[in-house]
Each structure stands twice: as C-alpha cells, then as structure tokens.
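In the working numbering, the protein residues as written are 2 to 434.
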C-alpha cells in the first residue's frame, strides 16, 4: 500500500502564524471566538487532544509571546519590551512591562477569591513555589516542617527540603494526624494530583484538609499550576469545595500562564517576603500580555462552565473505550476537561500516543515522577477549554480506531522503544498499516 501524506504537526519550534490565523473554533455560545487549537479533520493540521503546547483558552504553541494578543502588544510596545520584571504589590513600574503588570493584577483581582490580593511574579512555577515556601516559613518561624502529598510534584520543585512530610493523597484523616502536633508550617496541596498519573481526590477532600489546617493554625498553599482558569469546571479547583487558601500558586502554559508564575497571598502573609529577594528576572512583558489575554478570555467566554458541560462527554467516551478495550486500558479518570486514560503499562501508553499521531492528534504524556515511573501511566486528554463537541467526538473516534487496530496486533514482549518501532515499521497512518 502507498502511504498517505503525513499530517502537518505544530511543534513548539514551528512558526505558528498559519496555525494562529486559521479558522477559530466557536465559543460556547456559538459565536466566533478564541484562537484556533486545531482544525477540522482533513485539513492536514494536528489537533491537540492534550499538550503543554496549547494554552487552556485555545492558543497554540507553548510560547506565550507567540499569541495574537502578545504580537499586538509587541508591535506597539515601547523600547525594552522584553525587559524582565517582577512585582509583589502592583505598585508603579519602570519600563515597558509596567502596563502589562498593572493589567494582569487587575484581572487577577477580578477572578481570585477575596483576600488574595498581593502578588509576587516569577517566570516559572518553581520560582513562585520557592516564594511561597519562604513566606510560610517566615510566617510560622517555630514550625520547620511542610506537608506535601506523596506522589505529587512537591519535593521536586521544592527540593528535598529538611522537614518535608509526605502524606498519602486523598486521605484527609492522615493529613489531620500529620498536622496534630502543630509542627507543620504549611500544607502544599494540589487540588487534583498530577504527578505520576492523574488522581482526582474524594469529594470534599480539599475542604477537609482546609478544616484541619484551620484547627491547627497551619497555612494552606493551593498549587493550581495545572488546574487554574477553568480546567476542572470551576475557575479554580479549590472552588469545588468553597476553599480560600492562604496562598495560591498559578503558572504553566496549559493553564494560561506561559512563562509566568504568580504567587497570590493575603496582605498579612505578603509581609513575610517583604524584605526577601524576589525571583530571578521575572516574566517579560510579552508573557504577561499572553497571561492577560488568557484570563480575560477565560472570564469573557465563561470557559469554566464550558469545561463543566463538555467534560462529562469526554470522560464518558474514555470510559466506554476502557470497557471495549481492557487489554490496553484499565480505566478513565478526570474532572472537567482534565481527563486521562490509565494504561496497562508504558508500552501501551506509547503505542496509543503514536497511533493517535497517525490520525493527526497530538496527545500529552504521562507525568512520570522524577523519583520513579508509575506501573500504570495515565495518558492525559486535556484539550483547550474552547474545544467543541464535534472535536471531542473526532478524538474519541480516532481513539476507537487506534485501539481496535491495536487489539489485532501482538503485544511487544518488552517495553523497549527499539523493539516497538521495529514492530511498527515505517510511520504511516493506521489505515495504511
């Protein structure tokens, strides 16, 4: 058989101009809005079923300074637009970034819970995580421990700091026991655990942890790096339990903050970092403009409600795929448009990802923890929040075709990449194999 021409993929090194100026998907109310995150089948462009390369509001490319809004800001910006900046209180700034900082602070105040109105900006999640660690330790100087969820990202971005206590994720009673002796300064908590896999906690878990923190005078730091701006069906994942943390951390391109980190604190806690050095450099005006565009469009289009409406459709389709193809899949997990497939092993995950690429679909990858790989990795399906029902159905149809084809293939005897590639042969679309 003759292989068909492979689809064109948008890589982070590509010039995204043709991709960004293509047809825009409709907003939840049917009007034209949002940047293109993909194209209809047959156009030769790759849809991103999940990727760090697409922001939550549908903008393609992991570089915040490549969005349309940022290019407009760049074209009319005064000299020095790329100058790094940082800020903690939203005061006056020198240089071209001052307007972007003021815009972002105003937008943050409009969407964040009341009381979180002091901000420290950084250029990465790790930077603002370090700011939060310094703040809570200065605010609770007699307490040298911090509690984190076992299997999460903390302990990597925080480093293996002295006094770190790991608590099983999803077990509020275990967290309460860890805080009982009042030696823990703060709990760093991901409302949805996105470490080696994807773990949605029991209903009410975040609220019970917040109650334990309140009883023991422990500060609560909500890590919303992966979940902010509507990903789980609410503006912030802590909103599901009506929790207002002492600190909230925002970052990541997939959440709408490419090359920007935000540490949001209350006034009292902000004083704990008043005389401490701020993060190195800080975000550029271009990245800040991209973050402003993401926050504004998320609110204007009510994308959290859109995620809450379409998330069950995507999750139900993934669950149906698991029932039909148990040889490769163990289950579907997720909330809102933060979903994934728990695969039999890393070989199954890789095969499914490669095969979906033949359909012009770019998936994410399991978040393997640097400390070790999980036995059953989760292949993420976290599309931009502007995704349509038609696009979800297209992804599910491609997944079904992929799994049906794999059912007829012998399983590799090893999980080795070389063995797998030798078995697949030249890369072609699944219909040509």
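Glycine is no exception: its CB is placed at the ideal position from the N, C-alpha and C atoms. Values in this document were obtained by computation on a predicted structure and should not be read as measured data.
Short Cβ contact (9 Å threshold) for residue 246 with residue 263: no
Scan the segment 276-357 and note each continuous beta strand (DSSP E) run of 3 residues or more that stays entirely inside, going in chain order. Fully enclosed beta strand (DSSP E) runs of 3 or longer: 330-336, 339-344.
Cβ-based burial, residue 205 [other Cβ within 10 Å; buried from 16]: exposed
Could you please give the first and the last residue of the uninterrupted beta strand (DSSP E) stretch that includes residue 167? 165-168
Would you be able to state if there are at least three C-beta pairs under 8 Å between the segment 329-345 and the segment 307-321? yes
For residue 381 and residue 348, I'd like the C-alpha separation in whole angstroms. 15 Å
Residue 52 versus residue 227: straight-line alpha-carbon distance, rounded: Residue confidence for residue 52 is low, a pLDDT of 41 falling below 50, so the modelled location carries little weight and cannot support an answer.
Look at residue 147 and residue 164 and say whether their C-beta atoms are less than 9 Å apart. yes
Starting from residue 148, trace the beta strand (DSSP E) in both directions and tell me its first and last residue. Run containing residue 148: 146-150, per the beta strand (DSSP E) assignment.
If we define contact as Cβ-Cβ less than 9 Å, is residue 109 a contact residue for chain C? The structure shown contains no chain C; it holds only a single protein chain.
Residue 387 beta carbon less than 9 Å from that of residue 315: no
From this set, 357, 267, 407, 360, which residue's C-alpha is nearest residue 327's C-alpha? 407
Thinking residue 213 and residue 190 are a contact (beta carbons under 8 Å), I'd like their distance in whole angstroms, please. Wrong, their Cβ atoms sit about 11 Å apart, outside the cutoff.
For the segment 127-142 against the segment 102-116, are there 3 or more C-beta pairs whose distance is under 8 Å? Short answer: they don't touch.
At the level of alpha carbons, what is the spacing between residue 143 and residue 219? So the two alpha carbons sit approximately 12 Å from each other.
In three-state DSSP terms, what is residue 237? coil
Where does residue 1 sit, in a helix, a strand or coil, going by DSSP? Residue 1 is absent from the model: the chain starts at 2 and stops at 434.
Just to confirm the assignment: which complete alpha helix (DSSP H) runs, minimum length 4, are found wholly within the segment 249-275? If you keep only unbroken alpha helix (DSSP H) runs of at least 4 residues inside the segment 249-275, you get 268-271.
Range of the contiguous alpha helix (DSSP H) that encloses residue 177: 173-180
When you compare only the Cα positions, how much space is there between residue 273 and residue 305? 33 Å
Backbone CA spacing between residue 367 and residue 216 [nearest angstrom]: Going from the Cα of residue 367 to the Cα of residue 216 covers about 36 Å.
Enumerate in chain order the residues of its own chain whose CB-to-CB distance from residue 124 is below 6 Å, with the five nearest sequence positions on each side excluded. 260, 282, 283, 284
Expressed to the nearest angstrom, what Euclidean distance is found between the alpha-carbon atoms of residue 398 and residue 275? 53 Å
Between 385, 166, 242, 112, which lies nearest to residue 236 when the distance is taken from Cα to Cα? 112
Helix, strand or coil: which one does DSSP assign to residue 447? The requested residue 447 does not occur in the structure, where the chain is confined to residues 2 to 434.
Assuming the contact rule is C-beta atoms closer than 8 Å, residue 329 and residue 400 should be a hit. Round their C-beta distance to whole Å, please. Not a contact, Cβ separation roughly 11 Å.
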